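Protein chains in written order, with full-length UniProt numbering: chain A, 1 to 296; chain B, 1 to 244.
Even glycine gets a Cβ: it sits at the ideal position worked out from N, Cα and C.
Quantities reported herein were computed from a predicted structural model and do not represent experimental measurements.
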Amino acid sequence: MLDLLNAWFISPFDYGFMRRAVVGGLALSLAAPPLGVFLVLRGMSLIGDAMAHAILPGVALGFLLAGFSLPIMSIGGVLFGLMVALLAGAVSKMGGQREDAAMASFFIISLAAGVMLISLGGSSVDLTHVLFGSILAINSTALLLIAGISTLIVVTLAVVFRALVVECLDPLFLRGQSRRSGWVHSVFLGLLVLNLTAGFQTLGTLMAVGLMMLPATSARFWSKRLEGLIGIAIVLAMVASTGGLLLSFHLDIPSGPSIILLAGFGYLFSALFGRYHSLAAKLRRKTTPLAVEPGS
Amino acid sequence: MSQRSLSRLQLHNLHLAQARRTVLEHLEGDFKPGAITALIGANGAGKSTLIQAIMGELRPISGEVVCTVAKERRAWLPQQLALDLTFPMSVEELVMTGSWPSHGALTGYCAAHYRKGREIMARLGISHLAHRPLGELSGGQRQRALIGRTLMQEAELLLLDEPFANVDSETVDILIRILRQMADEGATIIVVLHDMDHLRRLADEVLMLNGGHGRWVAPSALTHQQAPAQVVPFTMGGRHAGSA
Numbered sequence: 001m002l003d004l005l006n007a008w009f010i011s012p013f014d015y016g017f018m019r020r021a022v023v024g025g026l027a028l029s030l031a032a033p034p035l036g037v038f039l040v041l042r043g044m045s046l047i048g049d050a051m052a053h054a055i056l057p058g059v060a061l062g063f064l065l066a067g068f069s070l071p072i073m074s075i076g077g078v079l080f081g082l083m084v085a086l087l088a089g090a091v092s093k094m095g096g097q098r099e100d101a102a103m104a105s106f107f108i109i110s111l112a113a114g115v116m117l118i119s120l121g122g123s124s125v126d127l128t129h130v131l132f133g134s135i136l137a138i139n140s141t142a143l144l145l146i147a148g149i150s151t152l153i154v155v156t157l158a159v160v161f162r163a164l165v166v167e168c169l170d171p172l173f174l175r176g177q178s179r180r181s182g183w184v185h186s187v188f189l190g191l192l193v194l195n196l197t198a199g200f201q202t203l204g205t206l207m208a209v210g211l212m213m214l215p216a217t218s219a220r221f222w223s224k225r226l227e228g229l230i231g232i233a234i235v236l237a238m239v240a241s242t243g244g245l246l247l248s249f250h251l252d253i254p255s256g257p258s259i260i261l262l263a264g265f266g267y268l269f270s271a272l273f274g275r276y277h278s279l280a281a282k283l284r285r286k287t288t289p290l291a292v293e294p295g296s
Numbered sequence: 001m002s003q004r005s006l007s008r009l010q011l012h013n014l015h016l017a018q019a020r021r022t023v024l025e026h027l028e029g030d031f032k033p034g035a036i037t038a039l040i041g042a043n044g045a046g047k048s049t050l051i052q053a054i055m056g057e058l059r060p061i062s063g064e065v066v067c068t069v070a071k072e073r074r075a076w077l078p079q080q081l082a083l084d085l086t087f088p089m090s091v092e093e094l095v096m097t098g099s100w101p102s103h104g105a106l107t108g109y110c111a112a113h114y115r116k117g118r119e120i121m122a123r124l125g126i127s128h129l130a131h132r133p134l135g136e137l138s139g140g141q142r143q144r145a146l147i148g149r150t151l152m153q154e155a156e157l158l159l160l161d162e163p164f165a166n167v168d169s170e171t172v173d174i175l176i177r178i179l180r181q182m183a184d185e186g187a188t189i190i191v192v193l194h195d196m197d198h199l200r201r202l203a204d205e206v207l208m209l210n211g212g213h214g215r216w217v218a219p220s221a222l223t224h225q226q227a228p229a230q231v232v233p234f235t236m237g238g239r240h241a242g243s244a
């Protein structure tokens, strides 16, 4: 039994690439889910997806200029992501168009531009790598970058946490209180871009969103409190990224999809058996006795 | 007008438009501290437009809004709440957010803040709901929690857009009492009202908007007998109808 446990859970980490992969995955699992929780709460779940596409041309340009260098590709991704976010914000402000409509237009342009750039300068193997990542190929530089970005995200979130909560809950209240309330939204979008850039190396641009959104949407079935949502989402993401890595190691399947599919399994499980709003919760729902409530 | 210099909020020859259509013009106003002003008028008369202008959300075409109240001491409870009721937050947490603008984004709450929050909830009769999620409140309970936030904020200028719509009578009584207390402590309060009964109980002054112009009238002028002729447009509007 112990041997089996050892063979499954311990010995894979004798390999350096697995150790780096698991540390990178855990770092991402700490930073991405809180952002996802806020996206879900703001009704912006698909914005993460849009932003993930938006960073692609930047990554591709970095790749064309410097080859497969993660720092350069990341810088390109961050710059391009921020540019698209700013442009989408500007278009929505001037045209009365909603931000998600502008974002949807820009992200599809970005995706096409990115794919075009990579195809012009590289091979289909490079394209696959950028689109789907490869967590098992993380080197020490990449790991430092991922850990650094994750730390920055967690610290920044802690600093702006209350403003972010008030902005989600009641944007009008925040706007009434502060002339500079717009920065909260910008900082949040900036963190989103940073996180996706950190994620693209391990999971690819398309699937980096998965580790952000799936744990967050799953957590909604388990908690009604913000702290609970964030905590549960982080735990789910950590389990999914570590479990997915191990599955990918033992079954010889691609790491990115197995991590996200495991998180997706967590989502389906939560939707079926979670504490709140799940199928099981609906079936076992019993009425509570009438509480005496003055002034209701 | 001898108190003019004391007033915290003045409107000078204000001209307001929405989507390039003039809504109000030549509007003069003087809102004194400690006074509750009722804002009345038919749907589309410009009540919400005026409130937007006072809150600085709408730039006047000409004229000006002079407001000496600090931004973090202004509170606005719109009729169409921007409040996200699915947000996982309890009544106590909502009330506590009122202290956030004045004491900063980075520092945590201290015991004194929590004590004040509990006192406020007790005044509003919502202590037993402190840990209830916002989404599970009735309209009246929610309105009390929101007023609790403005109390926490120590608001000096309070604008309410039909605060008594869809609210139970007990909440109306409590809110009228609390608003009067806030005014007695020096707050300037402006309330959009549709109901003559509420107006009689609450208003010290009345600003009536009609046909793009504002007219200041004494609440006593809007007595039962006179009311129909002058007030028909807004009583007919129905208290649940939206206002522009």
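Mind checking whether residue i and residue j have CB atoms under 8 Å apart?
| i | j | result |
| --- | --- | --- |
| residue 160/B | residue 191/B | yes |
| residue 53/A | residue 5/A | no |
| residue 118/A | residue 32/A | no |
| residue 230/A | residue 37/A | yes |
| residue 256/A | residue 148/A | no |
| residue 183/B | residue 79/B | no |
| residue 322/A | residue 184/A | Outside the shown range of chain A (1 to 296) lies residue 322/A, about which nothing can therefore be said. |
| residue 297/A | residue 274/A | Nothing can be reported for residue 297/A: it is not among the residues displayed for chain A, which extend from 1 to 296. |
| residue 81/A | residue 48/A | no |
| residue 78/A | residue 193/A | yes |
| residue 124/B | residue 174/B | yes |
| residue 87/B | residue 41/A | yes |
| residue 202/A | residue 260/A | no |
| residue 95/B | residue 148/B | yes |
| residue 51/A | residue 7/A | no |
Taking residue i and residue j to be in contact with their CB atoms under 8 Å, please state how far apart those CB atoms are, rounded to whole angstroms.
| i | j | result |
| --- | --- | --- |
| residue 207/B | residue 67/B | Rounded, the Cβ-Cβ distance is 16 Å, inconsistent with contact. |
| residue 135/B | residue 85/B | 5 Å |
| residue 176/B | residue 202/B | 6 Å |
| residue 47/B | residue 7/B | Incorrect: roughly 20 Å between the Cβ atoms, too far for contact. |
| residue 88/A | residue 63/A | About 24 Å; that fails the 8 Å criterion. |
| residue 204/A | residue 131/A | 5 Å |
| residue 270/A | residue 218/A | 4 Å |
| residue 262/A | residue 247/A | 7 Å |
Nearest CA to the CA of residue i: which residue from the options?
| i | options | result |
| --- | --- | --- |
| residue 44/B | 65/B, 142/B, 22/B | 22/B |
| residue 28/B | 84/B, 82/B, 212/B | 212/B |
| residue 37/B | 113/B, 214/B, 204/B, 82/B | 204/B |
| residue 56/A | 156/A, 200/A, 71/A | 200/A |
| residue 9/B | 18/B, 25/B, 127/B, 30/B | 30/B |
| residue 12/A | 71/A, 220/A, 245/A | 245/A |
| residue 215/A | 1/A, 2/A, 182/A, 34/A | 34/A |
| residue 60/B | 49/B, 15/B, 146/B, 94/B | 15/B |
| residue 151/A | 78/A, 18/A, 42/A, 28/A | 28/A |
| residue 20/B | 58/B, 108/B, 76/B, 41/B | 58/B |
| residue 209/A | 106/A, 160/A, 264/A, 176/A | 264/A |
| residue 19/A | 274/A, 72/A, 249/A | 249/A |
| residue 241/A | 51/A, 86/A, 283/A, 258/A | 258/A |
| residue 210/B | 53/B, 42/B, 110/B | 42/B |
| residue 144/A | 63/A, 271/A, 8/A, 26/A | 26/A |
| residue 238/A | 212/A, 225/A, 268/A | 212/A |
| residue 165/A | 39/A, 8/A, 17/A | 39/A |
| residue 54/B | 142/B, 188/B, 193/B, 218/B | 188/B |
| residue 194/B | 107/B, 170/B, 149/B, 40/B | 40/B |
| residue 71/A | 44/A, 84/A, 146/A, 50/A | 146/A |
| residue 178/B | 109/B, 144/B, 168/B | 144/B |
List, in order along the chain, the chain A residues whose C-beta lies closer than 7 Å to that of residue i?
| i | result |
| --- | --- |
| residue 87/B | 41, 168, 169 |
| residue 83/B | 169, 170 |
| residue 55/B | 176 |
| residue 74/B | 176 |
What does residue i touch in chain A if you count any residue whose Cβ is under 9 Å from its own?
| i | result |
| --- | --- |
| residue 78/B | 172 |
| residue 97/B | 162, 165, 166, 169, 170, 173 |
| residue 133/B | 224, 225 |
I want to verify the contact list: residues of chain B whose CB lies under 9 Å from the CB of residue i, in sequence order.
| i | result |
| --- | --- |
| residue 282/A | Those within 9 Å of residue 282/A in chain B number zero; the least Cβ separation is about 17 Å. |
| residue 226/A | 87, 88, 89, 93 |
Beta-carbon of residue i versus every beta-carbon of chain E: anything under 8 Å?
| i | result |
| --- | --- |
| residue 261/A | No chain E appears in this structure, whose protein chains are A and B. |
Can you pull the chain B neighbours of residue i, defined as C-beta to C-beta under 7 Å?
| i | result |
| --- | --- |
| residue 298/A | Nothing can be reported for residue 298/A, as the shown portion of chain A is limited to 1 through 296. |
Is it the case that the CB of residue i approaches a heavy atom of the ligand ADP more closely than 7 Å?
| i | result |
| --- | --- |
| residue 186/B | As for the ligand ADP, it is missing from this structure, which has no ligand bound. |
task = With a floor of 4 residues, list each alpha helix (DSSP H) that falls wholly inside the region 100-148 of chain A, ordered by position along the chain.
result = 124-132
inquiry  = Going residue by residue through the region 137-220 of chain B, where are the continuous beta strand (DSSP E) segments of at least 3 residues, counting only ones entirely within it?
reply    = 157-161, 188-192, 205-210, 213-217
Whole beta strand (DSSP E) elements within the region 16-44 of chain B, 3-residue minimum = 21-31, 36-41
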